[in-house]
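Engineer: Handing you a structure now.
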Amino acid sequence: SAVISQKPSRDICQRGTSLTIQCQVDSQVTMMFWYRQQPGQSLTLIATANQGSEATYESGFVIDKFPISRPNLTFSTLTVSNMSPEDSSIYLCSVGEPQETQYFGPGTRLLVL
Amino acid sequence: GDSVTQMEGPVTLSEEAFLTINCTYTATGYPSLFWYVQYPGEGLQLLLKATKADDKGSNKGFEATYRKETTSFHLEKGSVQVSDSAVYFCALRPNSGYSTLTFGKGTMLLVSP
Numbered sequence: 047s048a049v050i051s052q053k054p055s056r057d058i059c060q061r062g063t064s065l066t067i068q069c070q071v072d073s074q075v076t077m078m079f080w081y082r083q084q085p086g087q088s089l090t091l092i093a094t095a096n097q098g099s100e101a102t103y104e105s106g107f108v109i110d111k112f113p114i115s116r117p118n119l120t121f122s123t124l125t126v127s128n129m130s131p132e133d134s135s136i137y138l139c140s141v142g143e144p145q146e147t148q149y150f151g152p153g154t155r156l157l158v159l
Numbered sequence: 006g007d008s009v010t011q012m013e014g015p016v017t018l019s020e021e022a023f024l025t026i027n028c029t030y031t032a033t034g035y036p037s038l039f040w041y042v043q044y045p046g047e048g049l050q051l052l053l054k055a056t057k058a059d060d061k062g063s064n065k066g067f068e069a070t071y072r073k074e075t076t077s078f079h080l081e082k083g084s085v086q087v088s089d090s091a092v093y094f095c096a097l098r099p100n101s102g103y104s105t106l107t108f109g110k111g112t113m114l115l116v117s118p
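Chains as they are written, first to last, in the working numbering: chain A, 47 to 159; chain B, 6 to 118.
Structural data, given as structure tokens:
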């Protein structure tokens with residue numbers, strides 16, 4: 047299974063600012079995903095990021111709020127822009143190949159004041 | 006669309022008790038089914054999976070059997086430990102294309118000594 051790291055592991059931010067979360071994988075992967083887990087809730091898919099193409103966003107998520115980069119097959123970033131307290135969540139990166147098991151990173155715990 | 010329904014928690018058990026966490030799903034065709042576990046303060050870890058009807062996934066004493074006739078994938082363990090305290094997520098993935106995971110809401114398990 048892939049080894050996935052995320053930076054930062056946690057952060058406290060002021061409203062109106064932006065935070066970029068990094069996801070690094072120890073091997074090349076086709077698909078990278080970004081999820082949000084609001085307090086006490088399940089996981090919601092934000093977008094799928096494939097290298098060489100724009101990210102595909104799920105309903106309710108837009109590129110202006112959550113811009114994503116995927117410069118190569120081992121790295122992706124998610125930016126949470128113009129943050130508000132409602133953005134306080136755990137943000138999780140996951141990776142996988144089509145029809146293969148998805149593996150998750152440890153998550154980034156974000157608190158917006 | 007696809008959906009996963011899990012029993013609500015928290016499930017509170019004493020050590021060495023028998024565990025069942027119910028999971029049922031709605032999907033077209035025959036999806037792959039997964040149980041992920043999230044320990045306090047951590048990301049998601051794959052616990053077990055099954056990719057076709059009547060498959061049994063097992064890991065760390067946990068088991069789940071893919072039941073097509075009842076569209077279920079209940080998680081069981083014969084004797085729980087305090088260290089099993091975590092949130093358990095049932096998930097499905099359609100077996101076609103670049104499909105993504107659909108998660109249930111999660112069930113918190115609390116095991117006391």
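Each residue gets a CB set at the ideal place from its N, CA and C atoms; glycine is no exception.
Remember, predicted model here, so these are calculated numbers, not experimental data.
Leaving out the 5 sequence neighbours to the left and right, which residues in its chain are closer than 6 angstroms to residue 32(B) when beta-carbon positions are compared?
Structural biologist: 7, 97
Engineer: In whole angstroms, what separates the C-alpha of residue 106(A) from that of residue 118(B)?
Structural biologist: 43 angstroms
Engineer: Might you give, ordered along the chain, the residues of its own chain that have their beta carbon closer than 6 angstroms to the beta carbon of residue 70(A), omitting 5 neighbours on each side?
Structural biologist: 51, 121
Engineer: Determine, using beta carbons only, whether residue 106(A) comes closer than 7 angstroms to chain B.
Structural biologist: no
Engineer: Tell me the DSSP secondary structure of residue 117(A) in three-state form.
Structural biologist: Residue state, collapsed to three classes: strand.
Engineer: Just checking my contact of residue 17(B) with residue 29(B) at CB under 8 angstroms: how many whole Å lie between their CB atoms?
Structural biologist: For residue 17(B) against residue 29(B), the beta-carbon gap comes to about 22 angstroms, at or over 8 angstroms, which does not count as contact.
Engineer: With respect to the beta strand (DSSP E) encompassing residue 64(B), which residues constitute its N-terminal and C-terminal limits?
Structural biologist: 61-64
Engineer: Going by the beta-carbon positions, is the gap between residue 135(A) and residue 84(A) smaller than 7 angstroms?
Structural biologist: yes
Engineer: Which full runs of the beta strand (DSSP E) of 3+ residues lie inside the segment 38-117 of chain B, going along the chain?
Structural biologist: Uninterrupted beta strand (DSSP E) stretches at least 3 residues long and entirely within the segment 38-117 of chain B occur at 49-55, 61-64, 67-70, 80-82, 91-98, 112-117, given in chain order.
Engineer: What is the DSSP secondary structure of residue 7(B), counted as helix, strand or coil?
Structural biologist: Correct three-state label for residue 7(B): coil.
Engineer: Determine contact between the segment 118-133 of chain A and the segment 72-84 of chain B, defined as no fewer than three beta-carbon pairs at a distance below 8 angstroms.
Structural biologist: no
Engineer: On the CB-based measure, 16 or more other CB atoms within 10 Å of its CB, does residue 23(B) come out buried or exposed?
Structural biologist: exposed
Engineer: Going by CA-CA distance only, name the one from 142(A), 154(A), 90(A), 48(A) that's closest to residue 125(A).
Structural biologist: 154(A)
Engineer: Could you work out which residue in 101(B), 113(B), 50(B) is closest to residue 90(B) when comparing CA atoms only?
Structural biologist: It is 113(B).
Engineer: Relative to the C-alpha of residue 111(A), which residue among 123(A), 101(A), 100(A), 129(A) is closest?
Structural biologist: With distances taken between Cα atoms, residue 111(A) lies closest to 129(A).
Engineer: Taking only beta-carbon atoms, is residue 78(B) less than 7 angstroms away from chain A?
Structural biologist: no
Engineer: Less than 7 angstroms between the C-beta atoms of residue 73(A) and residue 48(A), yes or no?
Structural biologist: Judged by their CB atoms, residue 73(A) and residue 48(A) are nearer to each other than the 7 angstroms cut-off.
Engineer: Let me know if residue 73(B) comes out buried or exposed under the rule of 16 or more other beta-carbons within 10 Å of its beta-carbon.
Structural biologist: exposed
Engineer: Report yes or no: is there a C-beta of chain B within less than 7 angstroms of the C-beta of residue 134(A)?
Structural biologist: So no, residue 134(A) is outside the interface.
Engineer: In terms of DSSP beta bridges, what is residue 50(A) paired with?
Structural biologist: 71(A)
Engineer: Closest to residue 77(B) by C-alpha separation, out of 105(B), 88(B), 19(B), 39(B), would be which residue?
Structural biologist: 39(B)
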